[in-house]
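Numbering (this note's numbering), first residue to last: 241 to 386.
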């Protein structure tokens, strides 16, 4: 950005921007055996539409949709018998930690989502790292297009 301001007439080489600066590392996943009762208590004040699920080794397994959890909570008898694995969406898209913002935009556009899990693949296995929000990378999109 400084080069553009100091040398406005000189064409600048476009720099690739990576998603790592935008990852929310503070969003802790649910374990695959977590009961819906426990999930409901934790999600009471959340605004996320999906929540990541991992196994005991932190291997990313998929997400639980908040609307599915809400549907089950109304039937309190069943809620404590159901675990996150029962509601798991293992087809939900995710993105690699070392991906570019452009890669993320492609996923967001293709899927029409606004939040996706971020994983780091080690030995071919996706380990949960954090979550990426479309709203966080929107300013980066407008900056890279100028």
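Ideal Cβ positions, reconstructed from N, Cα and C, are used throughout, including at glycine.
Given the structure is predicted, the values throughout are model-derived calculations rather than measurements.
Whether or not the region 265 to 278 and the region 330 to 339 are in contact is what I'm after, with contact meaning three or more pairs of Cβ atoms, one per stretch, closer than 8 angstroms; do they touch? Result no; under three Cβ-Cβ pairs closer than 8 angstroms.
Quick check for students: name the residue ranges of the beta strand (DSSP E) that lie wholly in the region 286 to 371, counting only runs of 3 or more. Scanning the region 286 to 371 for uninterrupted beta strand (DSSP E) segments of 3 residues or longer gives 290 to 294, 300 to 305 and 355 to 362, listed from N- to C-terminal end.
Quick one: residues in its chain with C-beta nearer than 8 angstroms to the C-beta of residue 303, no 5 flanking neighbours on either side, listed in chain order? Answer for residue 303: 290, 291, 292, 293, 328, 329, 332 and 357, listed in chain order.
Below 8 angstroms on the Cβ atoms is my guess for residue 359 versus residue 334; work out the distance and round it to an integer in Å. Right, their Cβ atoms sit about 5 angstroms apart.
Local Cβ density within 10 Å of residue 273, reported as buried at 16 or more and exposed below that: Exposed.
Counting C-beta neighbours from all protein chains within 10 Å, is the total for residue 366 16 or more, i.e. buried, or is it exposed? The residue in question, residue 366, is buried, as its Cβ has 16 or more Cβ neighbours within 10 Å.
Is the CB-CB distance between residue 355 and residue 258 below 8 angstroms? Cβ atoms of residue 355 and residue 258: not closer than 8 angstroms.
By the 10 Å Cβ neighbour count, where 16 or more other Cβ atoms means buried, how is residue 269 classified, buried or exposed? Residue 269 comes out buried.
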